[in-house]
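Colleague: As you go down the protein sequences, you meet chains A and B in turn.
First residue of the first sequence: 58, per our numbering; consecutive thereafter.
First residue of the second sequence: 58, per our numbering; consecutive thereafter.
Number of protein chains: 2
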Amino acid sequence: MRLKHLIESLEQAHLDAYILFREPNIYYYTGTISGGMLIAAHGAEPLLLVPRLNLAIAQAQASGCQVKPYTRDGLLDEIEAALKPFSPKTIGFDDLPLDLHHKLQERLNGAELKASANLVWRMRRVKDSDEQELMRRAGELADIGMEAIREHLREGMREYQVAAEATYAMMRNGAEDLAFPTIVASGPRSAYPHAGVTDRRIRRGDFVTVDMGATYRAYRSDITRTFIIGEPTEEGARIYGAVLRANETVLREIKVGANAAELDGAARAVIEEAGYGKHFVHSLGHGVGLEVHEPPSLSRTSEDTLEAGNVVTDEPGIYIPGFGGVRIEDTVLVAASGPVRLTWFDKDLDAVCV
Amino acid sequence: MRLKHLIESLEQAHLDAYILFREPNIYYYTGTISGGMLIAAHGAEPLLLVPRLNLAIAQAQASGCQVKPYTRDGLLDEIEAALKPFSPKTIGFDDLPLDLHHKLQERLNGAELKASANLVWRMRRVKDSDEQELMRRAGELADIGMEAIREHLREGMREYQVAAEATYAMMRNGAEDLAFPTIVASGPRSAYPHAGVTDRRIRRGDFVTVDMGATYRAYRSDITRTFIIGEPTEEGARIYGAVLRANETVLREIKVGANAAELDGAARAVIEEAGYGKHFVHSLGHGVGLEVHEPPSLSRTSEDTLEAGNVVTDEPGIYIPGFGGVRIEDTVLVAASGPVRLTWFDKDLDAVCV
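(1) Could you check which residue in A:L399, A:R384 and A:T224 has the C-alpha nearest to that of L406 of chain A?
(2) Measuring CB to CB, does P353 of chain A end up less than 8 Å from G344 of chain A?
(3) Which full runs of the alpha helix (DSSP H) of 4+ residues lie inside the stretch 169 to 202 of chain B, going along the chain?
(4) As a quick exercise: from B:L63, B:G262 and B:N230, pick the residue whose alpha carbon is nearest that of R211 of chain B.
(5) In its own chain, which residues sit with a C-beta less than 7 Å from the C-beta of Q69 of chain B, not counting the 5 before and 5 after it?
(6) Using a Cβ-Cβ cut-off of 6 Å (strictly less than) and excluding sequence neighbours within five positions of D234 of chain B, which residues of its own chain qualify?
(7) By Cβ distance, which residues of its chain are closer than 6 Å to V416 of chain B, with the 5 residues on each side in sequence left out?
(8) Would A223 of chain A and I206 of chain A qualify as a contact pair, given that the criterion is a beta-carbon distance under 8 Å?
(9) Excluding the five sequence neighbours on either side, which residues of its own chain have a C-beta within less than 7 Å of the C-beta of G381 of chain B, listed in chain order?
(10) For the candidate residues A:Y85, A:L155 and A:R282, whose alpha-carbon lies nearest to that of V409 of chain A?
(11) The beta strand (DSSP E) spanning M269 of chain A covers which residue range?
(12) Considering just the uninterrupted stretch of the beta strand (DSSP E) at G344 of chain A, what are its terminal residues?
(13) Listing by chain order, which chain A residues have their CB less than 7 Å from the CB of V338 of chain B?
(14) Is there a C-beta anywhere in chain B that falls below 8 Å from the one on R164 of chain A?
(15) Excluding sequence positions up to five away, which residues of its chain have a Cβ less than 8 Å from the Cβ of I259 of chain B?
(16) Would you please state the rounded distance, in angstroms, between the beta carbons of R79 of chain B and D185 of chain B? I believe it to be under 8 Å.
(17) Could you spell out the range, first to last residue, of the beta strand (DSSP E) harbouring I96 of chain B?
(18) Would you report the Cα separation of E137 of chain B and L198 of chain A, rounded to the nearest angstrom?
(19) What residue does the beta strand (DSSP E) around V397 of chain B start on, and which one ends it?
(20) Who are the near neighbours of G395 of chain B in its chain, counting only those whose CB is closer than 6 Å to its CB and skipping five residues on each side?
(21) Restricting to runs no shorter than 3 residues, where is the beta strand (DSSP E) found entirely within the stretch 115 to 149 of chain A?
(22) Looking at the C-beta of H251 of chain B, does it have a partner C-beta in chain A at a distance below 8 Å?
(23) Starting from I375 of chain A, trace the beta strand (DSSP E) in both directions and tell me its first and last residue.
(24) So, helix, strand or coil for A236 of chain B, using DSSP?
(25) Suppose you measure from the CA of G149 of chain A to the CA of P378 of chain A; what does that come to, to the nearest Å?
(26) Taking only beta-carbon atoms, is D361 of chain A less than 8 Å away from chain B?
(27) Within 8 Å, do at least three Cβ pairs link the stretch 87 to 95 of chain A to the stretch 106 to 114 of chain A?
(28) What whole-angstrom Cβ distance do L320 of chain B and L341 of chain B have, given they're in contact under 8 Å?
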């Protein structure tokens, strides 16, 4: 059904055929985790070319297309043969590695290869009710992970031990994977938005920012909380309060028709008003789905408007080099009826002081 | 030091400058997880351009280069300005996304952009003694994960619960992340080499193939074992035995000067002799390091010869659609003194029957 819609959209986009290459797109349109390359055009059954080792799983999982194995040396021949019946002049694609793009271009007898991922994103950014159910569960699993952290986090633990507890809680409850590599940023490291995980020992007074998510049946969630070991300083509490206000100000505005750049601006205004404007060094948020970073973008330069079925993050932060940082993030579904949080873990200052 | 070597190799490759884009390469040459873009040429300090949110961590971690933030709209200007003093005619790069490659090409006033990842791989494929130490620990962590599985695996468990136990054991002992998404392929699903993880319940008589690894200070390990729930059938034992013989036949030949295609052939010969040749549907192995799939390649078409300091996998398999499959994989260091296993978990048939 999704593939049918994609094919129907080709004509309006002045494309004679379309090549899907990115794994999440192959999954979205056919249901298989095999990867490979899908070739679609009007009036023919789409063809999924898969590496031989993934032939059996593609045959078992993929629907709405023919499945055929390729060898590395034979891939270009297969693509050429599959496209030939359509004598395409313009061929759209989602994304291609540079070398494959060049080799394909040489083969195509003057046909134009046209990057047109927007055709795919137009569909993927609007989650249907089945997808929303899976994302709801992915959100619950992220909450379960945070709960495990609140239970275990204490002075003297190492960052990787914190990540271990959260991961274990999410996976033993049904996550098949993490949504992305977990971040545990403690003490001065909390001033790095993307800090990874180290063996640093957590100390009294530290901020500990944990950014993580679960993958549930291929769909992802994304949550961040900053914990405080003991009592916050006065400045720490002020920073925490500003980030929380920014997160909550935006939260209620995440609805159909909202202008994404204005949402970013609303969060930024709260943080600027608190005097920390130059320390909010990233965008407000991003879409989430089969990938952890998708359209729409909630940033200063975004041209997106929120639609029903979008799932986005709301994640303002303040980062002060040498001191530390705070980020508070929720994943939120844009429903016709208003914003629906998919992550619910407490964020009051009291709730994150352990 | 590594950056210096890279720059020294430019002249011989007829390159006037080099652009590093891939995150593991940025990490390898500078020590930061910030990502970004590194521009290197003779006679100047290399320049690392990072997105603003990663400026602080890059400044703290990166060595041997200047660090400068870029905004999305300003990246091309920054690159152009950084290259200008060298008036380069030919600029090498490791990898670039298609759109960035095109935009950069337009800016470069006729200079040629030349894909030359081989300069980087020539260095990265030979692990120095520091890297070998980290990979040794990554291997130990993979063994710890397998030990947790042997302890917990039983009839009635779901695949994701198996993955949870292994992940927890690896992470609480120091892994900052998984090396890649774990595979737990049980029963008929064990016939899929890349099967992911589902909620399938494990039954008596199942093959359960677990393929996983740890990330330890950015370096990865990769191990696969196939467990059997209860006693194997006669055919099951025969398949297991053939895969084990193939794995062990190759293991002792993973040494300096070995021809990678011949290693693949040696494993294939063992499996063909057992009558399962057409069911060994993938290559024998691949390099491992900062990434889980790197050069050298151990495949039929490989042109690689093993050198001291390579780290490779040895992972033959037999996959019979509808019945199941077996894969046995170790990560092995090619030392001057011979093959050194980095993964040691038992693989005798007795040891994997639980």
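Note that beta-carbon positions come from the ideal geometry of N, C-alpha and C, so glycine has one too.
Modeller: Quick answer:
(1) It is A:R384.
(2) Yes, the Cβ-Cβ distance between P353 of chain A and G344 of chain A is below 8 Å.
(3) The qualifying runs are 175 to 181.
(4) Put simply, of B:L63, B:G262 and B:N230 the residue whose alpha carbon is nearest the alpha carbon of R211 of chain B is B:G262.
(5) Correct list: empty, nothing qualifies.
(6) In its chain, beyond the 5 residues on either side, T272 have a beta carbon closer than 6 Å to the beta carbon of D234 of chain B.
(7) Summary: the structure shown does not reach residue 416 of chain B, with chain B confined to residues 58 through 411, and so no result is reported for it.
(8) Taking 8 Å as the Cβ cut-off, A223 of chain A and I206 of chain A qualify as a contacting pair.
(9) G244, P245, S247, A248 and F264, listed in sequence order.
(10) Closest in alpha carbon position to V409 of chain A, among A:Y85, A:L155 and A:R282, is A:R282.
(11) Start and end: F264 to M269.
(12) Residues G342 to G344.
(13) What V338 of chain B touches in chain A: R109 and L110.
(14) No, because no Cβ of chain B sits closer than 8 Å to the Cβ of R164 of chain A.
(15) Counting only Cβ-Cβ distances below 8 Å, and skipping sequence neighbours, we find L210, R211, E212, G213, M214, R215, E216, V219, S243, G244, V265 and I286.
(16) Wrong, their Cβ atoms sit about 20 Å apart, outside the cutoff.
(17) DSSP places I96 of chain B inside the beta strand (DSSP E), whose first and last residues are M94 to A97.
(18) Taking the CA atoms as reference points, E137 of chain B sits about 45 Å from L198 of chain A.
(19) That run of the beta strand (DSSP E) goes G395 to R398.
(20) Beyond the five residues adjoining it in sequence on each side, G395 of chain B comes within less than 6 Å, by CB distance, of K312 in the same chain, given in chain order.
(21) Secondary structure in the stretch 115 to 149 of chain A: the beta strand (DSSP E) runs of 3 residues or longer, each lying completely within the stretch, are 123 to 127 in chain order.
(22) Yes, its Cβ sits closer than 8 Å to a Cβ of chain A.
(23) From DSSP, the beta strand (DSSP E) with I375 of chain A extends over G374 to I377.
(24) A236 of chain B: coil per DSSP, three-state reduction.
(25) G149 of chain A and P378 of chain A have their C-alpha atoms some 45 Å from each other.
(26) Not an interface residue.
(27) Three or more Cβ pairs drawn from the stretch 106 to 114 of chain A and the stretch 87 to 95 of chain A lie within less than 8 Å of each other, which places the two stretches in contact.
(28) 6 Å between Cβ atoms; contact.
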